[in-house]
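If you read the sequences in order, they're chains A and B.
Going letter by letter, the first sequence gives residues 1 to 466 in the working numbering.
Going letter by letter, the second sequence gives residues 1001 to 1466 in the working numbering.
Have a look at the structure below, then the notes.
2 protein chains.
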Amino acid sequence: MVFDGTSSGAVNGNGVASLPAASTTLYLTPIVHSLSLSKLEMVPHALVAVSAGRVAWVEHLKDRQDPAEAAEKHGIDYEAADKVVVSEGFMCPGFVDTHTHAPQYPNNGLGGSLQLLDWLVELTFPLEQEYDDAAYAAKVYKEVVRRNLAVGTTTACYYGTLHSTTTLLADACAAAGQRALVGRCSMDTGSGTYVEASAEESMATTDLFLQHFDTLPSEAQQLVKPVLTPRFALSCTSQLMADLGKLANERDLAVQTHICENPTEIARVKEVFPAISTYAGVYEAHGLLRKGTILAHGVHLSEAERAVIRRSGAGISHCPGSNTNLNSGAARVLAMLEAGIPVGLGSDCSGGCEMGILPQLRNASTVSRVLAFEGQTARSLSTAELFFLATRGGAELCRWDDVGHFEPGAQFDALWVRPRSPGMWVEGGEAVEMVFEKWLCSGDDRDIGAVWVNGRLVSGASPVEA
Amino acid sequence: MVFDGTSSGAVNGNGVASLPAASTTLYLTPIVHSLSLSKLEMVPHALVAVSAGRVAWVEHLKDRQDPAEAAEKHGIDYEAADKVVVSEGFMCPGFVDTHTHAPQYPNNGLGGSLQLLDWLVELTFPLEQEYDDAAYAAKVYKEVVRRNLAVGTTTACYYGTLHSTTTLLADACAAAGQRALVGRCSMDTGSGTYVEASAEESMATTDLFLQHFDTLPSEAQQLVKPVLTPRFALSCTSQLMADLGKLANERDLAVQTHICENPTEIARVKEVFPAISTYAGVYEAHGLLRKGTILAHGVHLSEAERAVIRRSGAGISHCPGSNTNLNSGAARVLAMLEAGIPVGLGSDCSGGCEMGILPQLRNASTVSRVLAFEGQTARSLSTAELFFLATRGGAELCRWDDVGHFEPGAQFDALWVRPRSPGMWVEGGEAVEMVFEKWLCSGDDRDIGAVWVNGRLVSGASPVEA
């Protein structure tokens, strides 16, 4: 690994060699990826073969080993192959943002003195109502997707609004090549004028929304999928939740909603659903807790609720920046993991105000460490655990088990990271472990040179193609 | 205030008008600055006059009021004056980093699994020993100052190493025009081979170090000052601390050191100084607690220690990123403020791994909020308090009472902030309050268009001069 821009192959100005395209592309590069929640694999010299958007095989080269020899084992002529030779930095899987509200990005940074329910009424619902304007929606959604790819979010799980213009968000993801779950909010009560007329009308609009995904180009249909999106228990009647739960089960659709974010919200859910003893129980009773259900926040889950969620196969999107910004509280991620619940990270813009997952990885670490300092938890989250949540864990939560890692068969959603931001002090010659640690703690999106989704180059500050 | 690049004056490509220089420069701009710990002033249309590096006067213009009329009150022909017209964003005081280790920046991002004393031995002392090489020191120090100005640190309180090459750090600040306190570490025990031979030798080297500041250009002597730097109680013999305390009092010099960062460190201090009951008491006994003393961390200060510090006039540099990264704990900033202790923020690179003060403002907010969530403190820090710590409070801690605000007589250390980073979603027409809040929560150094120190343009992504 050479950080000074030289390499064994032909190298362009960005420190990455390129050659014309062919059916298999070889990436000669240090890699970092999660094998499991607690196991991070770092390979100083890896030869990764990508074919039809997926990792075909990975060879771990010994120091100074000739990559041609490794390629030959797989019947590939290294010299003649299309390849990308990374001469500085490393590659890692792209980030998975398991919970973020695309229409709210123009409000990022506002509302930090408010709590959830006031924030919804004062800032959020008024902005979302703007999205009945298709031109505005198209403009913002395109920019949200563009910026999220640039900060390394290769997979996003998006909330839209209640409007049918949410199809434009799906279109923006498809056009830019971002992997995404896209949901139109179902909400037939509790939010003033920003509400659907009835559960029936809401379900009819959802049906039209689902049909839109069949109109996407066939390649995009593999990347961009719908997710049923009952906004949260206070935005949906019992009938609407039951109808959505039935649909999710009949068609095995992904589901996303919010849970146990804020004490006032939780108290109100208990008032609205007096016959059900817990917030998680409300979703369970309506058939909404299942594998493929992403529950955002879970700040104040009880042990009993964690058990219910665990049994159902649903998981949690941990949104530490949002939980802090909206004064919701500090989620017990360690308890979720110990209960065996799938967990990913979410930026939750604009509840959270920082874009992308790298800031959320740091926020998750900070919150977790303060809980441990104060004796509230037995320990803090490790770097391996945090990176897993940011990548492979988030992908599993979204039921993309072949995303977020570089094992053979995985979809090649990847970042090329090399130091450019003012926080990154890399002098050359550092081991991949050091550059990786420095980036997680001190770097930013300026250090992302290239972004691939499903083997296709889609973004980056120094984009390179084989 | 116009965000679309148009303005009432001639405007360059960066949205800021410029004219030839003269003795007074007018800045027509929205401003944000702290009047006190709890009072943040935001003026949508201010006319700020800067003369000889200082704010001469500030007029708050009413909406649509002609700036010429305001200038005329002060005998200035607005049309003929040198001026900077800000057509997007706002100006605020530059950040004050009250505690950071210049030689350690190449280690930024490493060591997050360690605690203080192991981190010193394994990572920090080995790196600092490299600074007996003047060429290496000069290279790193120049880059540290350059990058810190770019991230908006107009004033920095730097630790160097024990080497005389720390004068090169002072030179770098002087050359780049950064306001700074620069300290050569005094350390005559407890750090293996990285140690001075005796208290006498250490004091002699300090004397030479102090003399260097008299050799700086006269203008730079106002900006760059020495600070006595007993590394911390475990790095100094009683004699060395007493000698430094005597020198500080005789010559009224600033002092910086560390205090109560980590439980193991505190226990060891008690072992080494068994006759003194507290860590703060050790410094007090050696004459080191006085107005002008900056104590970094204070994570585990007792109420009695806060009282001692308060009476002495010394203050605390709060380093939330470092305290979390090195697993030191969560400092009780609210208790410090309530005790009347001066407090500023410190990046403490490389104990902290993020450069500059904007990330530390966010870290301070997060830690403070989690303490409040968990019932450990009565409330969290407000935005006004956090911004005060980042600017005016930090400057007061460094005994620069005329820095960190825009009141008449203040030194003009300022940032021009306008949205460019991916996190900043500003559509145009937002009030200064909104753009300010968005930047604190969602922006980064890419949004800093220009940086002035003492009225002189020294950095920025879109530098502009009148």
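Don't be surprised by glycine CBs; every beta carbon is placed ideally from N, CA and C.
Verify whether the separation of the beta carbon atoms of residue i and residue j is less than 7 angstroms.
i	j	result
Cys-1349 of chain B	Gln-1065 of chain B	no
Pro-93 of chain A	Thr-366 of chain A	no
Asp-402 of chain A	Ala-410 of chain A	yes
Phe-209 of chain A	Arg-184 of chain A	yes
Asn-1325 of chain B	Gly-1352 of chain B	yes
His-1297 of chain B	Gly-1245 of chain B	no
Val-1096 of chain B	Gly-1404 of chain B	yes
Val-1050 of chain B	Thr-1025 of chain B	yes
Tyr-131 of chain A	Thr-167 of chain A	no
Pro-1067 of chain B	Leu-1028 of chain B	yes
Phe-125 of chain A	Ser-191 of chain A	yes
Ala-71 of chain A	Leu-61 of chain A	no
Ile-341 of chain A	Gly-315 of chain A	yes
Val-55 of chain A	Pro-408 of chain A	yes
For residue i, which residues from the same chain have a beta carbon less than 8 angstroms from its beta carbon, with the 5 sequence-adjacent residues on both sides left out?
i	result
Ser-1382 of chain B	Ser-1038
Glu-1385 of chain B	Leu-1037, Ser-1038 and Leu-1337
Leu-1216 of chain B	Ala-1170, Asp-1171, Ala-1174 and Val-1224
Arg-399 of chain A	Ala-254, Lys-291 and Gly-292
Thr-1237 of chain B	Asp-1188, Thr-1189 and Ala-1199
Ala-1378 of chain B	Leu-1334 and Ala-1372
Val-1308 of chain B	Thr-1278, Ala-1280, Gly-1281, Glu-1284 and Leu-1289
Asn-1249 of chain B	Gly-1287 and Arg-1290
Within a Cβ cutoff of 7 angstroms, which residues of the same chain sit near residue i, ignoring the five residues on either side of it in sequence?
i	result
Val-990 of chain B	An answer regarding residue 990 of chain B cannot be provided, because it is not within the stretch 1001 to 1466 covered by chain B.
Val-432 of chain A	Met-1, Pro-30, Val-32, Met-42, Pro-44 and Phe-90
Tyr-1195 of chain B	Position check: residue 1195 of chain B holds Val in this sequence, whereas Tyr was assumed. Same-chain partners within the cutoff: Met-1187, Asp-1188 and Thr-1189.
Arg-418 of chain A	Gly-15, Glu-88, Gly-89, Asp-447 and Gly-449
Arg-1268 of chain B	Leu-1234
Thr-1098 of chain B	Cys-1157, Ile-1294, Ser-1317, Gly-1344, Leu-1345, Gly-1346, Gly-1394, Leu-1397 and Cys-1398
Ile-1276 of chain B	Val-1282 and Ala-1285
Asp-243 of chain A	Ala-199 and Met-203
His-74 of chain A	Ala-49 and Trp-57
Trp-1439 of chain B	Val-1417, Met-1424 and Asp-1447
Met-1241 of chain B	Pro-1230, His-1286 and Leu-1288
Among residues of its own chain, excluding the 5 on either side of residue i, which ones have a beta-carbon nearer than 6 angstroms to its beta-carbon?
i	result
Asn-1454 of chain B	Gly-1053 and Gln-1411
Glu-1128 of chain B	Pro-1103 and Thr-1161
Phe-273 of chain A	Val-282
Glu-354 of chain A	Gly-321
Pick helix, strand or coil for residue i, following the three-state DSSP scheme.
i	result
Pro-217 of chain A	coil
Ala-1022 of chain B	Because the pLDDT at Ala-1022 of chain B is just 48, under 50, the model does not fix this residue reliably, and the value given afterwards should be weighed accordingly. Three-state DSSP puts Ala-1022 of chain B in coil, outside helix and strand.
Thr-366 of chain A	helix
Leu-1415 of chain B	strand
Ile-357 of chain A	coil
Thr-1377 of chain B	coil
Pro-1226 of chain B	strand
Trp-1452 of chain B	strand
Phe-95 of chain A	strand
Met-1042 of chain B	strand
Trp-57 of chain A	strand
Phe-90 of chain A	strand
Thr-257 of chain A	strand
Trp-1425 of chain B	coil
Ala-1410 of chain B	coil
Glu-1320 of chain B	Before going on, a small fix: residue 1320 of chain B reads as Pro here, not Glu. Helix at Pro-1320 of chain B.
Ile-266 of chain A	helix
Does any heavy atom of the ligand NAP sit closer than 6 angstroms to the C-beta of residue i?
i	result
Asp-1445 of chain B	With respect to the ligand NAP, the structure offers nothing, as it holds no ligand at all.
Query raised in the report: Using Cβ-Cβ distances below 9 angstroms, what residues of the region 374-386 of chain A are close to chain B?
Result: Within the region 374-386 of chain A, the residues whose Cβ lies closer than 9 angstroms to some Cβ of chain B are Glu-374, Gln-376, Ser-380, Ser-382 and Thr-383, listed in chain order.
Query raised in the report: Would you say the region 172-179 of chain A touches the region 208-228 of chain A, given that touching needs at least three Cβ pairs under 8 angstroms?
Result: Verdict: yes, contact present.
Requested in this report: Inspect the CB distances between the region 1254-1266 of chain B and the region 1288-1302 of chain B and report whether three or more fall short of 8 angstroms.
Outcome: The region 1254-1266 of chain B is in contact with the region 1288-1302 of chain B.
Query raised in the report: If we count Cβ pairs, one from each stretch, closer than 8 angstroms, do we get three or more for the region 108-123 of chain A versus the region 359-375 of chain A?
Result: With the cut-off at 8 angstroms, the region 108-123 of chain A and the region 359-375 of chain A do not touch.
Query raised in the report: In the region 138-154 of chain A, which residues sit with their C-beta less than 7 angstroms from some C-beta in chain B, listed in chain order?
Result: Cβ contacts with chain B: Arg-147, Ala-150 and Val-151.
Query raised in the report: Given a limit of 9 angstroms on CB to CB distance, which residues of the region 93-116 of chain A reach chain B?
Result: Correct list: Tyr-105, Pro-106, Asn-107, Asn-108, Gly-109, Leu-110, Gly-111, Gly-112 and Ser-113.
Query raised in the report: Does the region 1106-1114 of chain B come close enough to the region 419-438 of chain A that 3 or more CB-CB pairs lie under 8 angstroms?
Result: Flag = yes, the region 419-438 of chain A and the region 1106-1114 of chain B touch.
Query raised in the report: For the region 321-333 of chain A, which residues have a beta carbon sitting closer than 9 angstroms to at least one beta carbon of chain B?
Result: So the list reads Gly-321, Asn-323, Thr-324, Asn-325, Asn-327, Ser-328, Gly-329 and Ala-330, given in the order they occur along the chain.
Query raised in the report: Along the region 396-426 of chain A, what residues have a CB closer than 7 angstroms to any CB found in chain B?
Result: Within the region 396-426 of chain A, the qualifying residues are Pro-422, Gly-423 and Trp-425.
Requested in this report: Please name the residues in the region 1358-1370 of chain B whose beta-carbon is closer than 9 angstroms to at least one beta-carbon of chain A, in chain order.
Outcome: Taking 9 angstroms as the Cβ-Cβ cut-off against chain A, the residues of the region 1358-1370 of chain B that qualify are Pro-1359, Arg-1362, Asn-1363, Ser-1365, Thr-1366, Val-1367, Arg-1369 and Val-1370.
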